[in-house]
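Visitor:
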Amino acid sequence: MAACPDMEARLDLHAAGALEPEETVPLLQHVESCAGCREALAQSMEVLSLVALPAPTAAEKAAQDTVPQRALEMWKRERMSQALRRRTVGSLLAAAAVVAAMVLMPGMPRPWTTNGGSTAEPADVDAEARAVEAQTLADFEAWAGLEPLEGGATWEDEESFEDLESWDDDDLLGETL
Numbered sequence: 000m001a002a003c004p005d006m007e008a009r010l011d012l013h014a015a016g017a018l019e020p021e022e023t024v025p026l027l028q029h030v031e032s033c034a035g036c037r038e039a040l041a042q043s044m045e046v047l048s049l050v051a052l053p054a055p056t057a058a059e060k061a062a063q064d065t066v067p068q069r070a071l072e073m074w075k076r077e078r079m080s081q082a083l084r085r086r087t088v089g090s091l092l093a094a095a096a097v098v099a100a101m102v103l104m105p106g107m108p109r110p111w112t113t114n115g116g117s118t119a120e121p122a123d124v125d126a127e128a129r130a131v132e133a134q135t136l137a138d139f140e141a142w143a144g145l146e147p148l149e150g151g152a153t154w155e156d157e158e159s160f161e162d163l164e165s166w167d168d169d170d171l172l173g174e175t176l
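Per numbering that gives the first Met the number 0, residue 0 is the first one in the sequence shown, and the count goes up by one each step.
(1) Relative to the alpha-carbon of ALA1, which residue among GLN42, ALA51, ALA58 and VAL98 has its alpha-carbon at the smallest distance?
(2) Residues in its own chain within less than 7 Å of ALA15 by CB, not counting five upstream and five downstream?
(3) Does the Cβ of LEU10 have 16 or more other Cβ atoms within 10 Å, making it buried, or fewer, making it exposed?
(4) At what residue ranges does the segment 51–111 contain a whole run of the alpha helix (DSSP H), taking only runs of 4 or more?
(5) LEU27 by DSSP, collapsed to three states: which one?
(6) Can the beta-carbon of GLN209 be found closer than 8 Å to that of PRO55?
(7) Within a Cβ cutoff of 7 Å, which residues of the same chain sit near HIS29, ignoring the five residues on either side of it in sequence?
(8) Assuming HIS13 and LEU49 make a contact with CB atoms under 8 Å, what is their CB distance in whole Å?
(9) Identify, in the order they occur along the chain, each residue of the same chain with its Cβ nearer than 7 Å to the Cβ of THR23, setting aside the five sequence neighbours on each side.
(10) Where GLN177 and TRP74 are concerned, what is the direct C-alpha to C-alpha distance, given to the nearest angstrom?
(11) Quick one: residues in its chain with C-beta nearer than 8 Å to the C-beta of GLU45, no 5 flanking neighbours on either side, listed in chain order?
(12) Between ALA17 and LEU71, what straight-line distance do the alpha-carbon atoms span, to the nearest angstrom?
(13) Taking just the CA atoms, how far does ASP138 sit from ALA126?
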């Protein structure tokens with residue numbers, strides 16, 4: 000005998016344990032009075048018992064228990080690598096923007112050029128450095144009220160040592176600049 004057409008889906012759901020509790024009571028009342036539905040329910044339960052999975056082993060249970068933790072760790076690693084990629088790309092874009100601004104904006108000071116806008120020759124740089132050094136020394140001498148240093152004077156001159164010998168060490172300690 001065949002099951003009632005409007006009850007077939009409910010019978011399968013009940014056999015699988017997926018039927019809502021408020022629908023189970025009327026279905027069981029109908030199964031008691033209908034032999035076709037009783038037979039269909041028994042067949043559904045038999046088929047489902049054949050496809051039931053065996054109980055999980057201890058290793059399977061342990062693996063299932065660690066799934067949430069592993070998923071969280073993978074998610075964190077992925078987020079960290081995404082953040083690192085974003086920071087790297089951002090840094091590269093910022094560096095590119097600075098380089099583009101330096102190259103494309105006229106009038107911006109460039110460390111590789113002189114005031115004239117062209118690169119200076121090494122010989123000109125040495126001569127320029129010597130001129131600045133000589134001017135700085137002259138300015139210092141003028142500020143200190145000193146006589147310009149003689150180019151040929153050395154410490155080996157006898158006159159220089161005579162001046163040093165006449166100084167008393169006690170006199171030097173009391174003097175300040």
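The beta-carbon is built from N, C-alpha and C at its ideal position, and this holds for glycine as well.
None of the values given here were measured: they were computed from a predicted structure.
Guide: In brief:
(1) GLN42
(2) LEU47
(3) buried
(4) 57–64 and 66–103
(5) helix
(6) Absent from the structure is residue 209, since the part of the chain shown begins at 0 and ends at 176.
(7) MET6 and CYS36
(8) HIS13 to LEU49, Cβ: 17 Å. No contact.
(9) HIS13
(10) Because the chain is modelled from 0 through 176, residue 177 falls outside the range shown and cannot be assessed.
(11) none
(12) 30 Å
(13) 18 Å
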